[in-house]
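> My questions will all concern the structure given below.
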Amino acid sequence: MLPNARIPYGTWGSSYFPAWQTSALAEVNIGQFAGESMNRILGLKRVPKSELEYLIIGSTIPWHWKFWNAPLVASCMGHRIPGYHMEQACATGLQAVLLGGTEVENGGFDVVGVLTFDRTSDSPVGVFPERRAHERTRALADVWDNFGFDPATGNAMITAAGITARKYRSDRREVDDVAYHRMQQYFEAKNSGFLDRVLVPLDVLSVQGRPLGRIDDDYGVRRLTLSGLRAMPELDTCVTGGTQTHASDGMATLLVTSKDRVKEFSLRPEIDIQFVAKTEVRTHPSLMPEAPAFAVQRLLERCGMTMDDMAVVKNHNPFAVNDVIFSQVMDYDWRKMNNTGSPLVWGHPQGPTLTRVLIEALEEAVDLGGGHVLIFGCAAGDIGIAAIFKVSEGDRDK
Amino acid sequence: MTTALRESTLQTLGLGNVIEIFRRGQLPVDSGGLVDQVFGNSGNRSAMVISGANGIVGAGKTAQLGSRLQQYDIPIVALDFPAAPDGIGRQYPGLLRAFGPERANKIMGNVIRMHYDGKTLPRELHQLRPSFLLEAIPEILEIKRTHYAVFREAFPSIEIRSVTSGFPRSELGVGIAHPAFPHEINKLWEIVEPEPSAVTQLLWSLGLIPVPVSDNWSFILDVLFCGITLAALRYHHASNMPVWKIDKYVRKLVGPNPLRAHDAIGAAGANFLTWSCLHHLSQRYGDVFEPAAELVRQKDSGQNWYPFNHFRPLVDWRLEPDEMDEFRTWILGPLFHMTSLMLHEKRGHLSHMNAIGELCAQFRRGVIAMARDLGTEEVVKTVTAYHKLHPEAANSSWHPDAYAGMDAPEWQQLYVNAEHDGTVGVITISRESYSSRVDAELNRAIDWLKDEGLDRVIVTGDFHLSTQMIGADTSEFYPALDDVDAGAKVSAEWSRTARRLNDDFRISVGFVNGKRCLGGMLELMMHCHYLVAVEGADLGMPEVSLPVVPGMEGCHWMFRRSRPEHWSKALYLLLSGTAVEAEKTLGWLLDYSGPMGEALQVVWKIASGGDHGLQQRPLAAGALTGVPSEVSGLTAPDGELAADARKAIMDTVQQSCSAALTDALAVQTRHSAEFMISKACRNGQIGAEFQKTMAL
Chain V
1 MLPNARIPYG
11 TWGSSYFPAW
21 QTSALAEVNI
31 GQFAGESMNR
41 ILGLKRVPKS
51 ELEYLIIGST
61 IPWHWKFWNA
71 PLVASCMGHR
81 IPGYHMEQAC
91 ATGLQAVLLG
101 GTEVENGGFD
111 VVGVLTFDRT
121 SDSPVGVFPE
131 RRAHERTRAL
141 ADVWDNFGFD
151 PATGNAMITA
161 AGITARKYRS
171 DRREVDDVAY
181 HRMQQYFEAK
191 NSGFLDRVLV
201 PLDVLSVQGR
211 PLGRIDDDYG
221 VRRLTLSGLR
231 AMPELDTCVT
241 GGTQTHASDG
251 MATLLVTSKD
261 RVKEFSLRPE
271 IDIQFVAKTE
281 VRTHPSLMPE
291 APAFAVQRLL
301 ERCGMTMDDM
311 AVVKNHNPFA
321 VNDVIFSQVM
331 DYDWRKMNNT
341 GSPLVWGHPQ
351 GPTLTRVLIE
361 ALEEAVDLGG
371 GHVLIFGCAA
381 GDIGIAAIFK
391 VSEGDRDK
Chain C
399 MTTALRESTL
409 QTLGLGNVIE
419 IFRRGQLPVD
429 SGGLVDQVFG
439 NSGNRSAMVI
449 SGANGIVGAG
459 KTAQLGSRLQ
469 QYDIPIVALD
479 FPAAPDGIGR
489 QYPGLLRAFG
499 PERANKIMGN
509 VIRMHYDGKT
519 LPRELHQLRP
529 SFLLEAIPEI
539 LEIKRTHYAV
549 FREAFPSIEI
559 RSVTSGFPRS
569 ELGVGIAHPA
579 FPHEINKLWE
589 IVEPEPSAVT
599 QLLWSLGLIP
609 VPVSDNWSFI
619 LDVLFCGITL
629 AALRYHHASN
639 MPVWKIDKYV
649 RKLVGPNPLR
659 AHDAIGAAGA
669 NFLTWSCLHH
679 LSQRYGDVFE
689 PAAELVRQKD
699 SGQNWYPFNH
709 FRPLVDWRLE
719 PDEMDEFRTW
729 ILGPLFHMTS
739 LMLHEKRGHL
749 SHMNAIGELC
759 AQFRRGVIAM
769 ARDLGTEEVV
779 KTVTAYHKLH
789 PEAANSSWHP
799 DAYAGMDAPE
809 WQQLYVNAEH
819 DGTVGVITIS
829 RESYSSRVDA
839 ELNRAIDWLK
849 DEGLDRVIVT
859 GDFHLSTQMI
869 GADTSEFYPA
879 LDDVDAGAKV
889 SAEWSRTARR
899 LNDDFRISVG
909 FVNGKRCLGG
919 MLELMMHCHY
929 LVAVEGADLG
939 MPEVSLPVVP
949 GMEGCHWMFR
959 RSRPEHWSKA
969 LYLLLSGTAV
979 EAEKTLGWLL
989 DYSGPMGEAL
999 QVVWKIASGG
1009 DHGLQQRPLA
1019 AGALTGVPSE
1029 VSGLTAPDGE
1039 LAADARKAIM
1049 DTVQQSCSAA
1059 LTDALAVQTR
1069 HSAEFMISKA
1079 CRNGQIGAEF
1089 QKTMAL
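Chains as they are written, first to last, in our numbering: chain V, 1 to 398; chain C, 399 to 1094.
Below, the structure is given as structure tokens:
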């Protein structure tokens, strides 16, 4: 897959993901913030923005002047290049990177920027005149009404989690154990300094140019005890306040380049990061948490690989039950995955979620000396997406 | 015979030395005679034409020259295309503010607006017999040449000056009079002509500041301003830092915010001019001047550099200390590189080159002073480091030898010069505000006169670059805002220098030759044994409004030099912050005020020991008693800051006056320094300026 596309090591970065309404990000045009932040991150990584030829942006929540799309975000970055916007709910962050690779592979560009972002705080309200509806006009609060109602199934996301947990007869105790373990993984990675290689503190200014706030932590992340998790009431089967993610705001970015130019940008030119394969599945109505496992199953079959071939396994897991079901379907120990944290803990800003997951996974693979990286997750519409990347480190891989 | 520490800048205008002005008791030229010479005698005046009169330059100069020439009945013809938007009308509010309605209406009434098609001059123009054309049309060489041909065909003897910022005289075939922004108020003009002409001397006599520069592609101002703009853009290119933030760091490091300035001037025109300047320079001098891609883009689009209001910057940038070093190299490296070229080509008097940056490009210190402060080795090191970041720039136009010889008086006396004729010395200050560099140069000038055996001195402005004395350079106080020792050091050192004017000479005469003398400059001048001012000059102590406590002995020296019945006036001057006409301070601050010629003669008589009829006011060395503790007629303070400042100044007056002269300096210094670390000072104008420019 995409043999000519590469991800230059280290030319990436993500904002912290503060929980909704906890930071200055609740007050910004997130498209502008993302563009300016990408510029800042590239500056810190010593990548002149003038080298970028194309920009793919991914977001799921409407933002002011969204009509103007990637070119506007590029202008906020300070570099006028073409590009487009894409979205696929919580698959956006991975799909955008894959599309970046496709743009390079198609031969049109050597250096493509991928930028994903969303602001769940104060999400916009859409007003839809619909004469066939008895209300005549419907208003939709983008984030919460979408979480609460899948028009194709009539169910909420959390309901899908409960239905799937019941299908797999998931054990509440195991789900709590997963959530607790994920928190430990996150805080270990944070305390070790690992996240400093991924996350960039950003200072947000008010309209008067004064400091509005520093985005320097995943505000809202809780460190719960196991007994505390066990004591939480269920909102649906195996789903509690501690075993599901929370809405947050943020952005994440990386570059995709051609094989010929990757060394110009990579902070460690000896590291090679390739695209290997990608697939998607759609499962039965309201069984979204099982979809990622099916996607991985399909991907491995088509590639002739097994989970044992994967050096790093990392997913978007809005519900802890996702990981329990994945382990059950794939016969894979959930303790071996998400070693540096996961969205279950650090939040769910939708668009950039899987981009951060990917960046963390690539850094982890580099620490391990290379190997295959499996990224997967669920998305609205009972979708599962999965992709494999390969990290090689110089002579070690030969 | 006149001996000078260095060449007087007046000499570059063909106007001799400053000491000759005093010796002759008159200015070297008078505007009436020069007006006759350029425009003909009264009753038969020819007209002045400004073409491109509705543009930013043309309209500004129509107002500036119109206001000065209106009294001589010289018709000002403002010529432009019929469709040009009205720029002259926009000058009216400024004229109204400066001159009041009656005079503003007269000035505007003297402007005759005419339209033309670029090829054929209006018939009515012939009746006005123009003798001088100031061309301010777009920067396109062929169009300019055609324009001159049209005028020369119609008026063969017409004097022409171009306001071009980039084309040399040798290409245009006319003289250059390149003015600086903002055009309605900035007095400085870069002049290119083989010898100082009557037109140039007329500009000087009208109170403007003509500065001769050599005939090269782009003149000093544009090399500096376009150069620092280019340096900022190169850093932008290398680092991704947004231009608005680079602007702030450039302002902190050097003084200007060049990209904001482009937007303020009008991005469409300014971007083109900067590109044009750099483009032509790069063709002749190499890659150090090559316009950045971002400049080409903005030139083509005419877009502003700063984001729109609806996209005000959201993500801040900060430079870590090591990044600050690299930033400094990116900015100062090319600036010193480009300056080496100007030095190598001897583009102008060093004081001119230095002053152009300060007066026209917002430099806190002129580029020559910046280089001097660093020293030859550090300057060369900075440029070498820049060449490592931008190797293409190293290939041409770098002249490190130009920075040799910094010990010469031309380098060392940028702001203060001294001349003498064996009997009387004249110290001239060419900077409007007093700084530590002026202080050091003033000490060197005093030392030189002492070494030359002089004990009579006149201290004055330079009759050229400094048209007023506005007080202390308040940026010098930034370190004192949180360091009482830093404040005490500035106050004590400057005061000791001021006392030298009283202590080191048998006779010292301060002469206020410009339109005002305020604050620290007035404190300096009042230390002279005699103080003379030209009629109409304003004298004042505006410190209370900043607020600061005067630090150069202003709180007791005036009292020691005046009788008790005048002390309430001195106190009012300090506590109100309001300037007063010089004539109103006779007897307690000033010894003589009169028209320029008479004042010059009085100054010379005092200094040379002639019969001047004035009694020197004695200096009371002991403790003063009876200094009033309140003064009538003061309006209520307009806030907490003003109230705090008045109290602090009153305390300083009381305590420094009640001390003996030998102790008063220390008392004044302590009060001044302690006030500078106070909340009142930090929340005042100086604190706000510091926050805006230095605390990023």
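Glycine included, C-beta positions come from ideal geometry on N, C-alpha and C.
For the 8 Å Cβ check, are there 3 or more pairs between the segment 1071-1080 of chain C and the segment 957-973 of chain C?
No: fewer than three Cβ pairs fall under 8 Å.
> Which runs of the beta strand (DSSP E) spanning at least 3 residues fall entirely within the segment 267-302 of chain V, listed in chain order?
Within the segment 267-302 of chain V, the complete beta strand (DSSP E) runs of at least 3 residues are 271-282.
> List, in order along the chain, the chain V residues whose C-beta lies closer than 8 Å to that of C:P711?
To locate residue 711 of chain C, count along the second sequence from 1; it is residue 313. Result: E36, L205 and G209.
> DSSP on V:M86, reduced to helix/strand/coil?
Numbered from its first residue, the first sequence carries residue 86 of chain V at position 86. Three-state result, V:M86: strand.
> What did DSSP end up calling C:C1079 once you bin it into helix, strand or coil?
Counting from 1 along the second sequence, the entry for residue 1079 of chain C is found at position 681. Three-state DSSP puts C:C1079 in a helix.
> Once the 5 residues before and after V:K398 are set aside, which same chain residues still bring their CB inside 6 Å of it?
As a working note, residue 398 of chain V is residue 398 in the first sequence. For V:K398, the predicted structure reports a pLDDT of 42, less than 50, and the residue's modelled location is therefore unreliable. The matter cannot be settled from this model.
> Opposite V:G394 in the DSSP bridges: which residues?
Here the question's residue 394 of chain V lines up with position 394 in the first sequence. Answer is none; V:G394 lacks a bridge partner.
> Let me know if C:N442 comes out buried or exposed under the rule of 16 or more other beta-carbons within 10 Å of its beta-carbon.
For the purposes of this step, residue 442 of chain C is taken as residue 44 along the second sequence, with counting starting at 1. When all chains shown are included, C:N442 counts as exposed.
> Under three-state DSSP, which class holds C:F971?
Counting from one through the second sequence, the residue named residue 971 of chain C turns up at place 573. The residue you asked about is not Phe; residue 971 of chain C is Leu in the sequence shown. Looking at C:L971 - three-state DSSP - the assignment turns out to be helix.
> Rounded to a whole number of angstroms, what is the C-alpha to C-alpha distance between V:A410 and C:P536?
The shown model of chain V, from 1 to 398, leaves out residue 410 of chain V, and the question about it has no answer.
> Give the residues of chain C in contact with V:S424, contact being defined as C-beta atoms less than 8 Å apart.
The first residue shown for chain V is 1 and the last is 398, placing residue 424 of chain V beyond what the model contains.
> Have a look at C:L840 and C:W846 and give me their C-alpha separation to the nearest angstrom.
Taking the second sequence and counting its residues from 1, one reaches residue 840 of chain C at position 442. Taking the second sequence and counting its residues from 1, one reaches residue 846 of chain C at position 448. In a straight line, the C-alpha of C:L840 is about 10 Å away from that of C:W846.
> With 8 Å set as the bound, which would you pick, yes or no: does the beta-carbon of V:G43 sit closer than that to a beta-carbon of chain C?
As a first step, residue 43 of chain V must be located in the first sequence, where it is residue number 43. Yes, contact with chain C.
> Whether or not the segment 748-755 of chain C and the segment 788-796 of chain C are in contact is what I'm after, with contact meaning three or more pairs of Cβ atoms, one per stretch, closer than 8 Å; do they touch?
The segment 788-796 of chain C, when compared against the segment 748-755 of chain C, does not touch it at the 8 Å Cβ threshold.
> Got a sec? Which residues, its chain only, sit under 6 Å from C:A1062 by beta carbon, not counting five neighbours each side?
Taking the first residue of the second sequence as 1, we reach residue 1062 of chain C at position 664. The answer, listed in chain order, is H954 and S1054.
> Could you tell me whether the segment 928-945 of chain C touches the segment 978-992 of chain C, where touching means 3 or more Cβ pairs closer than 8 Å?
These segments touch.
> Anything in chain V within Cβ reach of C:W809, meaning under 9 Å, just list it in chain order.
On the second sequence, position 411 is the one that residue 809 of chain C refers to. Going along chain V, no residue has its Cβ under 9 Å from C:W809, so there is no contact; the nearest lies around 38 Å.
> Roughly how many angstroms separate the alpha carbons of V:Y186 and C:P948, rounded to a whole number?
Counting from 1 along the first sequence, the entry for residue 186 of chain V is found at position 186. Counting from 1 along the second sequence, the entry for residue 948 of chain C is found at position 550. Rounded to the nearest angstrom, the two C-alpha atoms are 60 Å apart.
> Sort out for me which residues DSSP pairs C:R511 with in a bridge.
As a working note, residue 511 of chain C is residue 113 in the second sequence. In DSSP, C:R511 forms a bridge with C:A476.
> Where does V:S342 land, buried or exposed, given buried means 16+ other C-beta within 10 angstroms?
The residue you call residue 342 of chain V lines up with position 342 of the first sequence. Answer is buried; the Cβ neighbour count reaches 16.
> Mind checking who V:Q244 pairs with in its DSSP beta bridge?
What you label residue 244 of chain V is simply residue 244 of the first sequence in a count that begins at 1. For V:Q244, which the question treats as bridged, DSSP gives the partners V:F319.
> Do C:L619 and C:E588 have their C-beta atoms within less than 8 Å of each other?
Residue mapping note: residue 619 of chain C aligns to position 221 of the second sequence, counting from 1. Residue mapping note: residue 588 of chain C aligns to position 190 of the second sequence, counting from 1. Yes. Within cutoff.
> If you reduce the DSSP assignment to three classes, tell me which class C:G992 lands in.
In the second sequence, the residue the question calls residue 992 of chain C occupies position 594. Strand, per DSSP.
> Going by beta-carbon coordinates alone, are C:I827 and C:V836 separated by less than 8 Å?
For the purposes of this step, residue 827 of chain C is identified with residue 429 of the second sequence, where counting begins at 1. For the purposes of this step, residue 836 of chain C is identified with residue 438 of the second sequence, where counting begins at 1. Result yes, Cβ atoms of C:I827 and C:V836 sit closer than 8 Å.
> Output yes if chain C places a C-beta closer than 8 Å to the C-beta of V:V114; else output no.
Stepping through the first sequence from its first residue, residue 114 of chain V is reached at position 114. No, no contact with chain C.
> In angstroms, rounded to a whole number, what distance separates the CA positions of C:S943 and C:A1041?
Residue 943 of chain C sits at position 545 when you count from the first residue of the second sequence. Residue 1041 of chain C sits at position 643 when you count from the first residue of the second sequence. Each residue's alpha carbon lies about 10 Å from the other.
> Apply the 10 Å Cβ neighbour rule to C:S699 and answer buried if 16 or more other Cβ atoms are within range, or exposed otherwise.
As a first step, residue 699 of chain C must be located in the second sequence, where it is residue number 301. Exposed, since its Cβ has fewer than 16 Cβ neighbours within 10 Å.
> If V:F33 sits next to V:G347, beta carbons under 8 Å apart, how far is it from one beta carbon to the other, in whole angstroms?
Along the first sequence, read from residue 1 onward, the residue named residue 33 of chain V stands at position 33. Along the first sequence, read from residue 1 onward, the residue named residue 347 of chain V stands at position 347. Incorrect: roughly 16 Å between the Cβ atoms, too far for contact.
> When the distance is taken between beta carbons, is C:I607 closer than 8 Å to C:L413?
Indexing the second sequence from 1 puts residue 413 of chain C at position 15. Indexing the second sequence from 1 puts residue 607 of chain C at position 209. Cβ distance not < 8 Å, so C:L413 and C:I607 don't count as in contact.
> Please identify, using Cβ separations under 8 Å, the residues of the segment 1034-1064 of chain C that lie next to chain V, in order along the chain.
So the list is empty, because no residue satisfies the distance condition.
> Taking only beta carbons into account, state which residues of the segment 221-238 of chain V come closer than 9 Å to chain C, listed in chain order.
So nothing in the stretch comes that close.
> Is the beta carbon of V:I81 sitting closer than 8 Å to the one on V:L52?
Here the question's residue 81 of chain V lines up with position 81 in the first sequence. Here the question's residue 52 of chain V lines up with position 52 in the first sequence. Closer than 8 Å, so yes.
> With three or more beta-carbon pairs closer than 8 Å as the criterion, would you say the segment 350-370 of chain V touches the segment 254-273 of chain V?
Result yes; three or more Cβ-Cβ pairs closer than 8 Å.
> Quick check on DSSP: helix, strand or coil for C:L730?
As a position in the second sequence, residue 730 of chain C is number 332, starting the count at 1. Correct three-state label for C:L730: helix.
> Please give the ranges of any alpha helix (DSSP H) in the segment 154-193 of chain V, keeping only runs that are unbroken, at least 4 residues long and fully inside the region.
List check, alpha helix (DSSP H) in window: 157-167 and 172-192.
> May I have the straight-line CA-CA distance separating V:V143 from V:P71, to the nearest angstrom?
Your numbering for residue 143 of chain V matches position 143 in the first sequence. Your numbering for residue 71 of chain V matches position 71 in the first sequence. Each residue's alpha carbon lies about 25 Å from the other.
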